[in-house]
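Asker:
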Amino acid sequence: MRNSSSFVRIVVSIAVFVLLETISILLITNNGIVQRYRIVGGVRSIQTSLWRFGENTKAYFNLKETNKYLSEENNALKNALEEARAMIPEDTLFYINKEKEYSYKSAKIIKNSTNKQHNFIILDKGSKDGVEADMGVISANGIVGVIHSVTKNYAYVTSFLNKSQSISAKIAKNNIFGPMEWQGVNPRRATLKEIPLHTDVVVGDTIVSSGFSLIFPSDIPLGTVSKIDDKGGTSLSLDVDLFLNYSSLQYVTIVDNKRSEELNELLDETAKK
Amino acid sequence: MRKALIFIALFLLQIILCDFVNVGPYIYLCLIPLLLLSFPLKVDTPVLMFIGFGLGLGLDLLSDGVLGLNAASGVALGFARNTIFDLTVNKETYNKTDTPSPFDVGLRKYTIYLLLSILLYMLVYVLFDMAGVRPFFTILAKLSLSTIANLALSLLISYSLFRQR
Chain A
6 MRNSSSFVRI
16 VVSIAVFVLL
26 ETISILLITN
36 NGIVQRYRIV
46 GGVRSIQTSL
56 WRFGENTKAY
66 FNLKETNKYL
76 SEENNALKNA
86 LEEARAMIPE
96 DTLFYINKEK
106 EYSYKSAKII
116 KNSTNKQHNF
126 IILDKGSKDG
136 VEADMGVISA
146 NGIVGVIHSV
156 TKNYAYVTSF
166 LNKSQSISAK
176 IAKNNIFGPM
186 EWQGVNPRRA
196 TLKEIPLHTD
206 VVVGDTIVSS
216 GFSLIFPSDI
226 PLGTVSKIDD
236 KGGTSLSLDV
246 DLFLNYSSLQ
256 YVTIVDNKRS
266 EELNELLDET
276 AKK
Chain B
206 MRKALIFIAL
216 FLLQIILCDF
226 VNVGPYIYLC
236 LIPLLLLSFP
246 LKVDTPVLMF
256 IGFGLGLGLD
266 LLSDGVLGLN
276 AASGVALGFA
286 RNTIFDLTVN
296 KETYNKTDTP
306 SPFDVGLRKY
316 TIYLLLSILL
326 YMLVYVLFDM
336 AGVRPFFTIL
346 AKLSLSTIAN
356 LALSLLISYS
366 LFRQR
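Okay, here's the thing in structure tokens:
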């Protein structure tokens, strides 16, 4: 009698174990960002308020560093403006009424993760500020990520520190480009792949964004080459030390490519043919 | 009442650890194993699995982790806790209405009990999080460093809490 009761308990335990593990595994595998955002929307809004409070407190104590960073960025922009002015001939009486390709919006980070395999960022700008999915997010020191989804007041960014994220980057001095991906461990290190073997590249060369995407402008500084690997004699793989410190990010710039819709239409039409 | 307050405090501490304490990519600090082990031994395995699932899912929702990771680990530990206890501590000499503490079962036995429990929890967590996408040694490093860090943290908390009992 005692043996049969013990057997039943073991069977029930195993059944519950299988059931709960199956639910957990389903949750893990189906944990798409969008589903998760919808399912736990309510929880997230409470969470966001808590994070906002935490980040505000942190930001307050980092004000000195933020001011220094903004001041440096300001100086760099002023210098760039002066250089651009110097290039315009003095007798120029007209300006080119060229339509702007990109527009920029600044945003503050409410939540930022850097120590996971799938890192994300939440910004304090949402659809009411004109932010949409698939817009790029950058800072003065590199590419931050891509906006995945937006609510009225917030934007959810898939960080570059994500094992499924890849951006197009190039070697600044010769424009040779390839996909750049985060290595998955060190938040300051990425890999630029598929660089042709004959490429003239040395440790210390600067890597910038290629502009071969509908999301990011070209020539955003990303990092410097720290190691060069010959991938089985077929191509080079470059270790890149990133300029951007994702852990100390507080303010970012959202990039809106004004021509992305037109370019997407063109690509769609071409694909149909 | 005091036990419930300590339990809630530890769970809140766990959320703070997840959201605001970053100790690098190789260490994941987690108090869920300690919370699960704090339930009396008389609690049945299926009930403990549901508690592990609930605690893990709660943590997944309230922290920025992947939904289901801590839930899967909590269920595994809930399933194996009583077996681990039977293997590490002499069950015949222990009153099952109580929660094992380092002062009752001895530091050596309690440490082994805690170590095996945390190791199992972290094994499930790390494998679901990284297996197939990260090199073996990265997985091994995260598993071992997280287990050691969590063992030290859990021992410290157990000592401080049980000494006052």
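Chains as they are written, first to last, in the numbering used here: chain A, 6 to 278; chain B, 206 to 370.
C-beta: ideal position from N, C-alpha, C; glycine also.
Mind the definition here: the segment 117-134 of chain A touches the segment 174-186 of chain A only if three or more C-beta pairs lie below 8 Å; say whether that holds.
Answerer: No, the segment 117-134 of chain A is not in contact with the segment 174-186 of chain A.
Asker: So the beta strand (DSSP E) B/G263 belongs to, where does it begin and stop?
Answerer: B/G263 -> not in any beta strand (DSSP E); alpha helix (DSSP H) instead, spanning T250 to L267.
Asker: A/Q52 to B/L264, Cα distance in whole Å?
Answerer: 12 Å
Asker: Run through DSSP, which three-state label would B/T352 get?
Answerer: helix
Asker: Which residues bound the alpha helix (DSSP H) around B/N287?
Answerer: L274 to T293
Asker: Alpha carbon to alpha carbon, what distance is there between A/G216 and A/K196?
Answerer: Sequence check: residue 196 of chain A is Thr here, not Lys. Looking at the two C-alpha atoms, the distance is approximately 18 Å.
Asker: Would you decide whether B/P238 is buried or exposed? Buried here means 16 or more other CB atoms lie within 10 Å of its CB.
Answerer: buried
Asker: DSSP three-state call for A/V13: helix, strand or coil?
Answerer: helix
Asker: Could you give the residue range of the alpha helix (DSSP H) that holds A/T275?
Answerer: S265 to K277
Asker: Using a C-beta cutoff of 8 Å, does B/P238 count as contacting chain A?
Answerer: no
Asker: Measuring straight from C-alpha to C-alpha, what distance separates A/V17 and B/G257?
Answerer: Spanning the two alpha carbons is a distance of roughly 16 Å.
Asker: Alpha carbon to alpha carbon, how far is A/F182 from B/I344?
Answerer: Answer to the nearest angstrom: the Cα atoms are 31 Å apart.
Asker: Verify the CB distance criterion: does B/F258 have a CB-CB separation below 8 Å to chain A?
Answerer: By this cut-off, B/F258 is an interface position.
Asker: Can you give me the start and stop residues for the beta strand (DSSP E) that A/D226 sits inside?
Answerer: Note that residue 226 of chain A corresponds to Pro in the displayed sequence, not to Asp. P226 to K236 is the span of the beta strand (DSSP E), which, as asked, contains A/P226.
Asker: Tell me which residues of the segment 118-137 of chain A have at least one Cβ-Cβ distance to chain B shorter than 9 Å, keeping chain order.
Answerer: S118, T119, N120, K121, Q122, H123, N124 and F125
Asker: What did DSSP end up calling A/N167 once you bin it into helix, strand or coil?
Answerer: strand
Asker: Buried or exposed, going by whether 16 or more other CB atoms sit within 10 Å of the CB of B/T293?
Answerer: B/T293 comes out buried.
Asker: From this set, A/D244, A/T229, A/N158 and A/G228, which residue's C-alpha is nearest A/D235's C-alpha?
Answerer: A/D244
Asker: How would you call B/P305, buried or exposed, if buried means at least 16 neighbouring beta carbons within 10 angstroms?
Answerer: buried
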